[in-house]
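One structure is given here, and the rest of the page talks about it.
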């Protein structure tokens with residue numbers, strides 16, 4: 183079990199987890215519903231005298247650092263991988279040593295900083311800075327040379343009006359959507375810049391819209407068939423946008439499957455073309471991870487061995503057939519160049535190709551005066567190059583380029599990302615305001631690729647290196663009474679949690695520097711066994 187440092191003041195995003203009946207994509211017919219905008223305003227208004235927002239003389243402090251020159255204050259930084267030169271953007275109105283509030287768009291062209299009063303948006307190419315009252319306008323997304331803005335009534339309520347601009351903030355089109363109880367949760371621009379998909383989280387009202395950039399015409403997209411027994415609770419973008427279209431995940435809450443289990447969630451994924459046609463439907467059995475860069479594959483994460491650890495399942499997006507799964511892997515993301523996925527396991531980081539081939543990669547390089555708050559990110563230009571915080575390194579662990587952080591005492595470095603070209607990385611630097619410790623819940627095993635048909639519940643096996651037996655105990659310590667010594671070859675499944683003396687949500691615990699699991703043998707025996715000692719592995 184790995185112990186990692188996390189920040190007490192920050193909350194990690196939770197994966198939507200759960201499982202239900204298996205589904206697969208099936209061709210469907212197109213169903214769209216035109217949106218009628220308010221009659222008092224045109225669909226596409228390009229001549230608003232209040233646009234664009236005012237330019238600002240301040241808002242940001244922009245700095246340039248030579249290779250090796252130290253970063254000494256919070257901000258958002260861009261490092262040129264070839265030269266090591268660093269460009270920094272800092273909130274000019276922030277208090278000294280305050281957490282960084284500056285962020286960047288995925289194309290690395292724009293940086294933004296938002297307070298309760300004012301939002302600033304800066305163009306890195308021209309240096310122009312715009313400002314507006316935060317309660318009046320929200321910059322939503324950027325892509326393919328376009329920016330999307332949402333006009334607000336106040337900071338918590340959308341007006342229903344939106345604007346798409348070019349990279350100079352020149353208005354391309356202004357359009358409206360039906361008023362909703364919630365502002366939009368997210369949006370994505372088509373790779374060719376001809377359409378935008380916008381979604382709200384105000385389900386069961388219609389949340390997803392396709393907008394034609396040329397005209398501003400919006401079409402409401404019909405949600406997929408409901409999951410039996412499920413209550414709709416949310417919708418999200420199943421990123422990234424691909425040339426074929428966009429994948430939207432619709433989340434349903436399911437009732438608990440039994441008295442010892444909590445409520446679960448199931449997601450239905452519908453793929454829409456960029457013209458609004460429905461291409462396919464799918465119902466992955468676990469938490470969605472995303473779509474491969476070429477749109478051919480889905481990945482989702484499920485809990486296995488009674489919820490003791492994860493498995494990443496990769497399936498064909500068209501047929502719905504699973505291709506393989508990685509036992510003991512936690513999905514980080516698809517690699518930027520589309521070659522596979524990055525995984526984290528109890529034995530370190532791995533890359534798994536789209537063909538199901540595992541390759542171990544080096545851990546993130548040691549951090550002297552900071553610590554990481556994110557995982558490795560793969561380069562879109564080189565399959566063997568990774569970024570973590572201010573460091574670029576290869577799969578063998580050799581540092582290729584690293585920004586220097588001054589003021590020893592600790593920094594939090596987060597949000598490491600690559601530019602689309604792979605020539606630049608970006609990262610956020612904030613003061614280290616406190617530390618906490620968390621556990622990586624797992625079994626202490628290296629990941630393993632498994633091909634369908636997937637094995638049954640008995641996924642573990644005794645594989646003692648000396649060919650001897652392993653103790654099954656009444657408790658999760660080496661002092662507990664031995665029930666029986668299980669010989670090499672004995673298969674194991676998660677035990678019945680209702681048989682535990684102390685109620686637990688998962689059959690694992692951590693004692694005496696070991697991972698212990700409540701297991702069941704094929705003979706029906708139940709007890710505790712140490713899985714992280716090297717004598718337990720995945721079954722053949």
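Residue numbers (the numbering used here): 183 to 722.
Backbone N, C-alpha and C define an ideal beta-carbon position, used for all residues, glycine too.
Find out if the Cβ-Cβ distance for the pair residue i, residue j is shorter than 8 Å.
i	j	result
residue 415	residue 434	yes
residue 370	residue 323	yes
residue 556	residue 518	no
residue 513	residue 467	no
residue 535	residue 604	no
residue 584	residue 576	no
residue 332	residue 317	no
residue 652	residue 718	yes
residue 147	residue 709	No answer is possible for residue 147: it lies beyond the span of the chain, which begins at 183 and ends at 722.
residue 260	residue 295	no
residue 547	residue 579	yes
residue 685	residue 714	no
residue 595	residue 532	no
Taking DSSP as the reference, what is the three-state secondary structure of residue i?
i	result
residue 265	coil
residue 214	Reliability of the predicted coordinates at residue 214 is poor, the pLDDT of 41 falling under 50, and the value obtained from them is presented with this limitation in mind. It is a strand residue.
residue 546	coil
residue 304	strand
residue 679	helix
residue 141	This structure does not reach residue 141, given that the chain is present from 183 up to 722, and the question cannot be answered.
residue 178	There is no way to answer for residue 178, as the model of the chain reaches only from 183 to 722.
residue 227	Caution applies to residue 227, whose pLDDT of 48 falls short of 50 and renders its modelled position unreliable; the value that the coordinates give is listed next. In the structure shown, residue 227 sits in coil (DSSP, three-state: anything other than H, G, I, E or B).
residue 674	strand
residue 478	coil
residue 466	coil
residue 374	coil
residue 205	Residue confidence for residue 205 is low, a pLDDT of 36 falling below 50, so the modelled location carries little weight; the figure read from the coordinates is stated next. Residue state, collapsed to three classes: coil.
residue 584	strand
residue 315	strand
residue 339	strand
residue 693	strand
residue 604	coil
residue 711	strand
residue 297	coil
Judging by CA-CA distance, which residue of the options is the nearest neighbour of residue i?
i	options	result
residue 254	262, 263 and 271	271
residue 401	417, 683 and 380	380
residue 634	532, 565 and 507	507
residue 530	356, 236, 240 and 629	629
residue 602	259, 242 and 290	290
residue 528	682, 647 and 627	627
residue 326	376, 314, 299 and 344	376
residue 465	328, 559, 503 and 280	503
residue 393	406, 431, 405 and 343	343
residue 315	301, 307 and 565	301
residue 473	426, 459 and 408	426
residue 274	288, 287 and 256	256
residue 404	455, 500, 349 and 304	455
residue 625	558, 526, 647 and 568	526
Can you name, in chain order, every residue of its own chain whose Cβ lies under 7 Å from the Cβ of residue i, other than the five neighbours on each side?
i	result
residue 721	637, 640, 641, 642, 643 and 673
residue 217	Any reading at residue 217 is ruled out, since the residue's pLDDT is 43, under 50, leaving its predicted position unreliable.
residue 705	none
residue 265	249
residue 413	434 and 435
residue 665	654, 655, 656, 707 and 709
Per the DSSP calculation, residue i is bridged to which residue(s)?
i	result
residue 566	Paired residue(s): none; residue 566 is not in a bridge.
residue 667	653
residue 332	320 and 344
residue 271	244 and 258
residue 523	516 and 534
residue 448	434
residue 593	613
residue 429	453
So, at 6 Å on beta carbons, what are the nonlocal neighbours of residue i in its own chain, with the 5 sequence-adjacent residues on each side left out?
i	result
residue 589	254
residue 493	484, 486, 507 and 509
residue 351	234
residue 702	675, 677 and 708
residue 538	506 and 631
residue 565	519 and 521
residue 418	431
residue 662	655 and 656
Please return the same chain residues whose Cβ sits closer than 8 Å to the Cβ of residue i, not counting the five positions on each side in sequence.
i	result
residue 365	320, 332, 334, 338, 339, 340 and 382
residue 489	676, 687, 688 and 689
residue 267	246, 247, 248, 249 and 261
residue 606	260, 261, 262, 263, 290 and 600
residue 251	268 and 586
residue 511	492, 493, 494, 525, 526, 527, 532, 534 and 629
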